[in-house]
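**Q**
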Amino acid sequence: MMPTHNINLFPTRRDENWKYSDLRSSLNQISKGIESINEPFFTLPDGLTTEEVGCECASLKNISSVLAENYCHKAWKIDVPESFESDQPLVISNLNCGHSQIIININKGGRLSLVEYHESQSNSFINTNIIINIMDKGELDRIIFHDDTHETVRISSAIINSESDTRITQNAISFGGALSRIETIITANGENLNATINGAYLLSESRHCDMTSNIDLLKPNCYIRQLVKGVVKDKSNGVFQGKFHVHRPAQFTDAEMRHDALMLSDTSKIRSKPELEIYADDVACAHGNTIGQLDEDVLFYLRQRSIPLSEAEAMLTEAFVSDVFYSLKDNHLKENILTKIRGRL
Amino acid sequence: MTEEVKIKSSIDKSTVDGVRSLEAEKYKYGFDSDIEQEFAPKGLNEDIVRFISAKKDEPQWLLDWRLEAYNRWLHLKEPVWANVNYPKIDFQDAYYYAAPKSDDDKPKSLDEVDPEILAIYDKLGISLKEQEVLAGVKGAPKVAVDAVLDSVSVVTTFKKELAEKGIIFCSFSEAVKEHPELVRKYMGSVVPLTDNYYATLNNAVFSDGSFVYIPEGVRCPMELSTYFRMNAQGTGQFERTLIIADKGSYVSYLEGCTAPMRDENQLHAAIVEIIVHDDAEVKYSTVQNWWPGDSEGKGGVYNFVTKRADCRGKNSKVSWTQVETGSAVTWKYPSCILKGDNSQGEFYSIAITNGFQQADTGTKMVHLGKNTKSRIISKGISAGKSNSTYRGLVTAHKKAKNARNFTQCDSLLIGDKCGAHTVPYIESDSSSSQFEHEATTSKLSEEQLFYCRQRGLSEEDAVAMLVNGFCREVLQELPMEFAVEAQKLVAISLEGSVG
Chain L
1 MMPTHNINLF PTRRDENWKY SDLRSSLNQI SKGIESINEP FFTLPDGLTT EEVGCECASL
61 KNISSVLAEN YCHKAWKIDV PESFESDQPL VISNLNCGHS QIIININKGG RLSLVEYHES
121 QSNSFINTNI IINIMDKGEL DRIIFHDDTH ETVRISSAII NSESDTRITQ NAISFGGALS
181 RIETIITANG ENLNATINGA YLLSESRHCD MTSNIDLLKP NCYIRQLVKG VVKDKSNGVF
241 QGKFHVHRPA QFTDAEMRHD ALMLSDTSKI RSKPELEIYA DDVACAHGNT IGQLDEDVLF
301 YLRQRSIPLS EAEAMLTEAF VSDVFYSLKD NHLKENILTK IRGRL
Chain U
1001 MTEEVKIKSS IDKSTVDGVR SLEAEKYKYG FDSDIEQEFA PKGLNEDIVR FISAKKDEPQ
1061 WLLDWRLEAY NRWLHLKEPV WANVNYPKID FQDAYYYAAP KSDDDKPKSL DEVDPEILAI
1121 YDKLGISLKE QEVLAGVKGA PKVAVDAVLD SVSVVTTFKK ELAEKGIIFC SFSEAVKEHP
1181 ELVRKYMGSV VPLTDNYYAT LNNAVFSDGS FVYIPEGVRC PMELSTYFRM NAQGTGQFER
1241 TLIIADKGSY VSYLEGCTAP MRDENQLHAA IVEIIVHDDA EVKYSTVQNW WPGDSEGKGG
1301 VYNFVTKRAD CRGKNSKVSW TQVETGSAVT WKYPSCILKG DNSQGEFYSI AITNGFQQAD
1361 TGTKMVHLGK NTKSRIISKG ISAGKSNSTY RGLVTAHKKA KNARNFTQCD SLLIGDKCGA
1421 HTVPYIESDS SSSQFEHEAT TSKLSEEQLF YCRQRGLSEE DAVAMLVNGF CREVLQELPM
1481 EFAVEAQKLV AISLEGSVG
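Heads up: the sequence lines are chains L and U, in that order. If you're matching positions, the first sequence starts at 1 in our numbering and goes up one per residue. If you're matching positions, the second sequence starts at 1001 in our numbering and goes up one per residue.
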């Protein structure tokens, strides 16, 4: 089912940023959601409320914003007060069909733990655009669970604008879909951003997952660590596109990006583009990318100890992927992620 | 009025001024040579294509080739995806053929070449003195040279000596006449007629270049070199080089290029095709020093080149080594298609940009056969207000079992007005492939600089040494003659950037 109008809003592989994720072609098999609005469900910690507002993404240029603007004329807004703290996370779920736009403002010194469930059971199209503004000394811990059917097409996009002395941690786990795009766009408008942006994808059948991020550093002294690991088997397709854009004033940036992928079948694919755009000379920026297989020697070691091959492979794969979430502080959420990973292996 | 360039270490203002005054003068190849030349009429149309073909006395099949390319080019759109900016090129505002005036175009022996032309190459330090080598004169370099001036090859040295081993080293135009079967067999087999916009243009108006054929089992006894010199104003240079290494052969080929200082931009759109058969190896080295434009960014050569090697045979190997210091805009990706099982591709590059130069360069390694290997070492040094981008592609087809790649691309920024970027594309369809890529962008270590200066080295010498260390891996891949020249080039380029 193709959209009845504005087909050109949906990018194809000819658009450089969507080169490995042809969104327009993937719509052929979709039965609903392309032109409808999704009503997300919020589980709010004490002290927070939601408010419906007009859609405010006119100036943003990413596809998710453009589509949300075109098809969804409202947004849900949550204001996190200054110095807010809570044991309870803000949970967003029911993101399973159509477009939605969410705006979260974390005011000065506020701390928010955000958990998102991007899950659908049908061949729907879902576009979720979340805009998060973090004021000075604000903190965001974000966890993304993504698990769709092999027929679902999804874009999950987050545009995060941060001021000075902020901290962001993000952990995403994805099991893919027909086409999935998890996009994170961070703009550091202030100094001293400390950001850890991690993700992992585990794909089987003919699933696809595209983890794309763009981190724009406009001011000095930012510290960025990004680690994304992927496992592909059967006919699945893993994509990583990362970009650090270090603007001229962003001196003393310390930024590292890394993507490692395991290919477990002859028909799987990996596409990776770890990009650096640097205009400041007193910085340390690095990117690394590796593609490989499970270590034959280690597999043999396990099999020699009577562990069947499939179990040995599962153990090593779990160790490979779990590494990403090692530093996750919330043990309950960490165990949640690891359980999901084990369930898939 | 030039604005202050902020650089991290503390430097005298008088040093900054002194070095800045060297910028426009440092390019010692920028001289103009007033030799009588003949030109095609200005502009580009089918008649010009026919003119070029007639001037070279080409057979019908080659004229047809050019015309097909020209007609296809008319329908292509100029690509704009590279990380470079330049004013739109007016393709009608150039001469597509310029040659020294002579009675005929036959390549001459050294004795018959116009002394004025020989003087140009003398001034450039390119030795054409084959007699000295044959007579065993001490210090005479044993390098066969094909000297190309604008659109023609003016002389090729050591042809006879090489021919005794069955090696063909001559101008492309001569190869078309003397070895048409080889040219027809291989031309366009690595870079197809309509591969990309500038390659298609080259196919229509290519001037001259070199042709090399190394027969089976022969190791070429000397380095082969082509030196490209643009001289005439308002011309483009579209050279065409074809190198064929038959089974079990080896050749080391060097390419050098310079151009006079001009206010306008000149286009250099070349094609280099290399075919390597079973167990053969080709080493291709380039020291590119086209006029980079003046300190205000005016003038300079546009270097838009398609270079590709087809490792057709089993165990074949190609190694690209380049030191890029010139050109206003560089846009090139010397690549290897690793078709043959166990074939290897290597790419070693130093790209230095200064002033207002822009470079978008890198390589493509396409793994198709089994057990193929590729290695990419790329170092970019940006200074002044320049921008340098490494763009690379490493790809493995699903049948490319055990493909291996190692890539290291590092960037150095000197000063706070330049930019260094990396855009690597890594695409694997082979589950047994192992690809490793790493990169850093860093400033020269303050501590390392302090250590050198503490031991009596001047700031400039210390930086040159650190940069040379940074570039060592690349420089040691260059043939000896070029390594020395490249070391000097790197020092020269740095002088203008360390204030």
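We put the beta carbon where it would ideally sit given N, CA and C, even for glycine.
#1: Return the chain-ordered list of same chain residues with a C-beta closer than 6 Å to the C-beta of R1219 of chain U, the five sequence neighbours on each side being excluded.
#2: Quick check on T12 of chain L - is its C-beta less than 8 Å from some C-beta in chain U?
#3: Shorter than 8 Å from the beta carbon of T290 of chain L to some beta carbon of chain U?
#4: Compare the C-beta of H1075 of chain U with all C-beta atoms of chain L and state if any pair is closer than 8 Å.
#5: Alpha carbon to alpha carbon, what distance is there between Q1357 of chain U and I215 of chain L?
#6: Inspect the beta-carbon positions of I1243 of chain U and V1282 of chain U and report whether they are closer than 8 Å.
#7: Where does T317 of chain L sit, in a helix, a strand or coil, going by DSSP?
#8: Hey, out of U:D1279, U:T1353, U:A1040, whose CA is closest to G1297 of chain U's CA?
#9: Would you kindly report the start and end of the unbroken alpha helix (DSSP H) that includes K340 of chain L?
#10: So, does the region 1058-1067 of chain U touch the region 1296-1316 of chain U, judging by three or more C-beta pairs under 8 Å?
#11: Within the chosen definition, does the region 200-218 of chain L reach the region 233-252 of chain L through at least 3 CB pairs nearer than 8 Å?
#12: Would you please state the rounded distance, in angstroms, between the beta carbons of T1235 of chain U and Y1095 of chain U? I believe it to be under 8 Å.
#13: Considering only heavy atoms of the ligand SAH, does any lie closer than 7 Å to the CB of I197 of chain L?
#14: Tell me whether the beta-carbon of I1271 of chain U lies closer than 8 Å to the beta-carbon of R1312 of chain U.
#15: Suppose the cutoff is 8 Å on Cβ atoms and the five residues either side in sequence are ignored; what does the same chain contact list for M1001 of chain U look like?
#16: Buried or exposed for D1103 of chain U, please, with buried defined as at least 16 other CB atoms from any protein chain shown within 10 angstroms of its CB.
#17: Alpha carbon to alpha carbon, how far is H146 of chain L from P45 of chain L? Give it in angstroms, no decimals.
#18: So, with DSSP's three-state summary, where would you put C222 of chain L?
#19: Quick check: is the beta carbon of E191 of chain L nearer than 8 Å to any beta carbon in chain U?
#20: How far does the beta strand (DSSP E) with D147 of chain L in it extend, from its first residue to its last?
#21: Against chain U, does M263 of chain L count as a neighbour if the rule is that its beta carbon must be under 8 Å from one of theirs?
#22: Assign V53 of chain L to one of two classes, buried (16 or more other C-beta atoms within 10 Å of its C-beta) or exposed (fewer than that).
#23: Please list the partners that Q293 of chain L has in chain U, where partner means a Cβ-to-Cβ separation under 7 Å.
#24: Give every residue of the same chain whose Cβ lies closer than 8 Å to the Cβ of K1247 of chain U, excluding the five residues on either side of it in the sequence, and list them in chain order.
#25: Runs of 3 residues minimum, wholly inside the region 1326-1378 of chain U: which ones carry the beta strand (DSSP E) assignment?
#26: Going by DSSP in three states, I307 of chain L sits in which element: helix, strand or coil?
#27: Taking C-beta pairs closer than 8 Å, name the residues in chain L that G1380 of chain U reaches, listed in chain order.
#28: Could you name the residues that DSSP lists as bridge partners for I103 of chain L?
#29: If you measure from the beta carbon of W1331 of chain U to each beta carbon in chain L, is any gap under 8 Å?
#30: What in chain U is Cβ-close to S120 of chain L, meaning under 7 Å?
#31: Using the C-alpha atoms, what's the distance from A195 of chain L back to P249 of chain L?
#32: Classify G1345 of chain U: buried if its beta carbon has 16 or more other beta carbons within 10 angstroms, exposed otherwise.
#33: Give a yes or no on whether the minimum CB-CB distance between P1079 of chain U and chain L is below 8 Å.
#34: For D297 of chain L, count neighbouring C-beta atoms within 10 Å of its own C-beta (all shown protein chains included) and say buried if the count is 16 or more, exposed if not.
#35: DSSP has R231 of chain L in a bridge; who is on the other side?
#36: Give the straight-line distance between the Cα atoms of G343 of chain L and D1341 of chain U, rounded to the nearest whole angstrom.
**A** This is what the structure gives:
#1: Numbered from its first residue, the second sequence carries residue 1219 of chain U at position 219. Cβ neighbours of R1219 of chain U beyond the five flanking positions: Y1250.
#2: As a first step, residue 12 of chain L must be located in the first sequence, where it is residue number 12. No, its Cβ sits nowhere closer than 8 Å to a Cβ of chain U.
#3: Here residue 290 of chain L is taken as the residue at index 290 of the first sequence, counted from 1. For T290 of chain L, the answer is yes, since a Cβ of chain U falls inside 8 Å of its Cβ.
#4: Residue 1075 of chain U sits at position 75 when you count from the first residue of the second sequence. So no, H1075 of chain U is outside the interface.
#5: By 1-based counting over the first sequence, the position of residue 215 of chain L is 215. By 1-based counting over the second sequence, the position of residue 1357 of chain U is 357. Roughly 26 Å separates the two Cα atoms.
#6: On the second sequence, position 243 is the one that residue 1243 of chain U refers to. On the second sequence, position 282 is the one that residue 1282 of chain U refers to. Contact: yes.
#7: Locating residue 317 of chain L in the first sequence gives position 317, where the first residue counts as 1. Helix.
#8: Walking along the second sequence from the start, residue 1297 of chain U turns up at place 297. Ranking the options by Cα distance to G1297 of chain U, first place goes to U:T1353.
#9: To locate residue 340 of chain L, count along the first sequence from 1; it is residue 340. Looking at the DSSP string, the run of the alpha helix (DSSP H) that includes K340 of chain L is 331-344.
#10: No, the region 1058-1067 of chain U is not in contact with the region 1296-1316 of chain U.
#11: yes
#12: The residue you call residue 1235 of chain U lines up with position 235 of the second sequence. The residue you call residue 1095 of chain U lines up with position 95 of the second sequence. About 5 Å separates the two Cβ atoms, so the contact holds.
#13: Absent from the structure shown: the ligand SAH. Ligands present: none.
#14: Here residue 1271 of chain U refers to the residue found at position 271 when the second sequence is read from its first residue. Here residue 1312 of chain U refers to the residue found at position 312 when the second sequence is read from its first residue. Their beta carbons are not under 8 Å apart, which means I1271 of chain U does not touch R1312 of chain U by this criterion.
#15: Within the second sequence, residue 1001 of chain U is the residue found at index 1, counting from 1. Low local confidence applies: a pLDDT of 37 at M1001 of chain U is under 50, so the model's placement there is unreliable, with the coordinate-based value given in what follows. Hits under 8 Å: none found.
#16: One-based indexing of the second sequence puts residue 1103 of chain U at position 103. For D1103 of chain U, the predicted structure reports a pLDDT of 45, less than 50, and the residue's modelled location is therefore unreliable. A value from the coordinates is still provided. Under a 10 Å Cβ-count criterion, D1103 of chain U is classified as exposed, with fewer than 16 other Cβ atoms of the shown protein chains found around its own Cβ.
#17: Start at 1 with the first residue of the first sequence, and residue 45 of chain L comes out as number 45. Start at 1 with the first residue of the first sequence, and residue 146 of chain L comes out as number 146. The alpha-carbon atoms of P45 of chain L and H146 of chain L are separated by roughly 22 Å.
#18: The residue given as residue 222 of chain L occupies position 222 in the first sequence. In the structure shown, the three-state DSSP call for C222 of chain L is coil.
#19: Residue 191 of chain L sits at position 191 when you count from the first residue of the first sequence. False, the Cβ-Cβ gap to chain U never drops below 8 Å.
#20: Translated into positions along the first sequence, residue 147 of chain L becomes position 147. From DSSP, the beta strand (DSSP E) with D147 of chain L extends over 139-148.
#21: Counted from its first residue, the first sequence places residue 263 of chain L at position 263. Answer yes: the Cβ-Cβ gap between M263 of chain L and chain U drops below 8 Å somewhere.
#22: The count along the first sequence starts at 1 and reaches residue 53 of chain L at position 53. It is exposed - the Cβ of V53 of chain L has fewer than 16 other Cβ atoms within 10 Å.
#23: Taking the first residue of the first sequence as 1, we reach residue 293 of chain L at position 293. Under the 7 Å cutoff, chain U gives S1431, S1432.
#24: Position 247 of the second sequence holds residue 1247 of chain U. So the qualifying residues of the chain are E1216, G1217, H1277, D1278, D1279, A1280, G1313.
#25: 1329-1332, 1335-1338, 1344-1353, 1358-1361, 1364-1367
#26: Along the first sequence, read from residue 1 onward, the residue named residue 307 of chain L stands at position 307. In this structure, I307 of chain L counts as coil in the three-state DSSP scheme.
#27: Taking the first residue of the second sequence as 1, we reach residue 1380 of chain U at position 380. Per Cβ cutoff of 8 Å: no residues; G1380 of chain U is ~10 Å from chain L at best.
#28: Mapped onto the first sequence, residue 103 of chain L falls at position 103. Its beta-bridge partners are L:K77, L:I131.
#29: The residue labelled residue 1331 of chain U in the question sits at position 331 within the second sequence. So no, W1331 of chain U is outside the interface.
#30: On the first sequence, residue 120 of chain L is found 120 positions in, with the first residue counted as 1. Under the 7 Å cutoff, chain U gives no residues; its nearest Cβ is about 28 Å from S120 of chain L.
#31: As a working note, residue 249 of chain L is residue 249 in the first sequence. As a working note, residue 195 of chain L is residue 195 in the first sequence. Rounded to the nearest angstrom, the two C-alpha atoms are 18 Å apart.
#32: Position 345 of the second sequence, counting from 1, holds the residue named residue 1345 of chain U. The residue is buried, with at least 16 neighbouring Cβ atoms inside 10 Å.
#33: For the purposes of this step, residue 1079 of chain U is identified with residue 79 of the second sequence, where counting begins at 1. So no, P1079 of chain U is outside the interface.
#34: The residue labelled residue 297 of chain L in the question sits at position 297 within the first sequence. Result: exposed.
#35: Counted from its first residue, the first sequence places residue 231 of chain L at position 231. One point to set straight first is that residue 231 of chain L is Val, not Arg, in the sequence displayed. Partner(s): L:L202, L:L262.
#36: Translated into the one-based positions of the first sequence, residue 343 of chain L becomes position 343. Translated into the one-based positions of the second sequence, residue 1341 of chain U becomes position 341. Using only the alpha carbons, I get a separation of about 40 Å.
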